[in-house]
Amino acid sequence: VVAFGGWALGSVLTSPLSKLKKGAEYLTAGDFTHTVDINTNDEIGYLANSFNDLSGELKGLVQDLESRVSKRTSELLSANEQLSKLSVVVEQSPSTIIITDIDANIEYVNFAFTRSTGYTFEEVKGKNPRLLKSNITTADIYHEMWSQLTAGASWRGELINKKKSGEIFWANTVITSILGANGNVAYYAAIQEDMTARVLAEQALREGEEQ
4 VVAFGGWALG SVLTSPLSKL KKGAEYLTAG DFTHTVDINT NDEIGYLANS FNDLSGELKG
64 LVQDLESRVS KRTSELLSAN EQLSKLSVVV EQSPSTIIIT DIDANIEYVN FAFTRSTGYT
124 FEEVKGKNPR LLKSNITTAD IYHEMWSQLT AGASWRGELI NKKKSGEIFW ANTVITSILG
184 ANGNVAYYAA IQEDMTARVL AEQALREGEE Q
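If you read the sequence shown in the numbering used here, its first letter stands for residue 4, the second for the next number, and so on.
As structure tokens, then:
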């Protein structure tokens, strides 16, 4: 009788514990949908209910995380697509585009820059755009330009620059300050249009009228 009673008691304890162990294995494997089916009013039943509650909370957290990751991934893919489009537009733009860091060291130029100045990106990377100075543009213009740029504003004006070959050219220029995450100026972006042909034509016209 004792033996039978001992077997019965062992069976009563072993079965719920086996279910808890099995549930823990599912949880470890990442399966948060599995619940432990133990309906008793003792300590083991309390453990089973706590286990099921924990599994449900983890399932909700995982689903929320997966949803947020999916949304963020979609946003990043969309942003990357837009960035790729912008990169193509900038690279193929007929206007010269120069981007420098806060110390005015060149970080990027597009192909139009090379076509206009004769300098390749490798030749100007890390250098100051002053390598284009012809010493014809007055110091007052540069002073006004930097005064506005360091204040976080944009500057628009005409610069007389010099190509790699030494040839002088006129550039209608717009330079914009780009703010960083901290709200301070982090980069400068310049867009230039070569207006040499128009300037020379106007000079020729004036000379013709004078004659």
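No residue lacks a Cβ here, since even glycine has one placed at the ideal position from N, Cα and C.
Margin query: Suppose you measure from the CA of Ala-6 to the CA of Tyr-29; what does that come to, to the nearest Å?
Written below: Counted from its first residue, the sequence shown places residue 6 at position 3. Counted from its first residue, the sequence shown places residue 29 at position 26. Unreliable positioning characterises Ala-6 in this predicted model, as indicated by a pLDDT of 48, which lies under 50. The coordinate reading is nonetheless provided below. When rounded, the distance between both Cα atoms is 34 Å.
Next item on the list: Assign Ile-3 to one of two classes, buried (16 or more other C-beta atoms within 10 Å of its C-beta) or exposed (fewer than that).
Entry: Here the chain comprises residues numbered 4 to 214, so residue 3 is not present and cannot be evaluated.
Next item on the list: For Ser-87, count neighbouring C-beta atoms within 10 Å of its own C-beta (all shown protein chains included) and say buried if the count is 16 or more, exposed if not.
Entry: Along the sequence shown, read from residue 1 onward, the residue named residue 87 stands at position 84. Of the residues assessed, Ser-87 falls on the exposed side of the cut-off, its CB having fewer than 16 other CB atoms within 10 angstroms.
Margin query: What does the alpha-carbon distance come out to for the pair Lys-166 and Ile-101?
Written below: Residue mapping note: residue 166 aligns to position 163 of the sequence shown, counting from 1. Residue mapping note: residue 101 aligns to position 98 of the sequence shown, counting from 1. Taking the Cα positions, Lys-166 is about 15 Å away from Ile-101.
Item checked: Contact under 8 Å by Cβ, Lys-62 with Thr-36 -> Taking the sequence shown and counting its residues from 1, one reaches residue 62 at position 59. Taking the sequence shown and counting its residues from 1, one reaches residue 36 at position 33. Yes; because the gap between Cβ atoms is below 8 Å, this pair is in contact.
Checklist line | Nearest-angstrom Cβ-Cβ length linking Ile-109 and Lys-130, presumed shorter than 8 Å | finding: Residue mapping note: residue 109 aligns to position 106 of the sequence shown, counting from 1. Residue mapping note: residue 130 aligns to position 127 of the sequence shown, counting from 1. Confirmed, about 6 Å.
Check: Got a sec? Which residues, its chain only, sit under 6 Å from Thr-179 by beta carbon, not counting five neighbours each side?
Finding: For the purposes of this step, residue 179 is taken as the residue at position 176 of the sequence shown. Non-local C-beta neighbours of Thr-179 in its own chain, meaning closer than 6 Å and more than five positions away in sequence, comprise Ser-157, Ala-192, ordered along the chain.
Notebook entry, point to check: Around the C-beta of Ile-194, are 16 or more other C-beta atoms found within 10 angstroms, so that it is buried, or is it exposed?
Noted result: Position 191 of the sequence shown, counted from the first residue, corresponds to residue 194. Counting every other CB atom within 10 Å of its CB across the protein chains shown gives Ile-194 a total of 16 or more, marking it as buried.
Next item on the list: Classify Gly-183 as buried or exposed, calling it buried when 16 or more other Cβ atoms lie within 10 Å of its own Cβ.
Entry: The residue you call residue 183 lines up with position 180 of the sequence shown. Only exposed fits Gly-183, as fewer than 16 other CB atoms lie within 10 angstroms of its CB.
Check: Given that a residue counts as buried once 16 or more other Cβ atoms are within 10 Å of its Cβ, and exposed if not, what is Val-65?
Finding: For the purposes of this step, residue 65 is identified with residue 62 of the sequence shown, where counting begins at 1. It counts as exposed.
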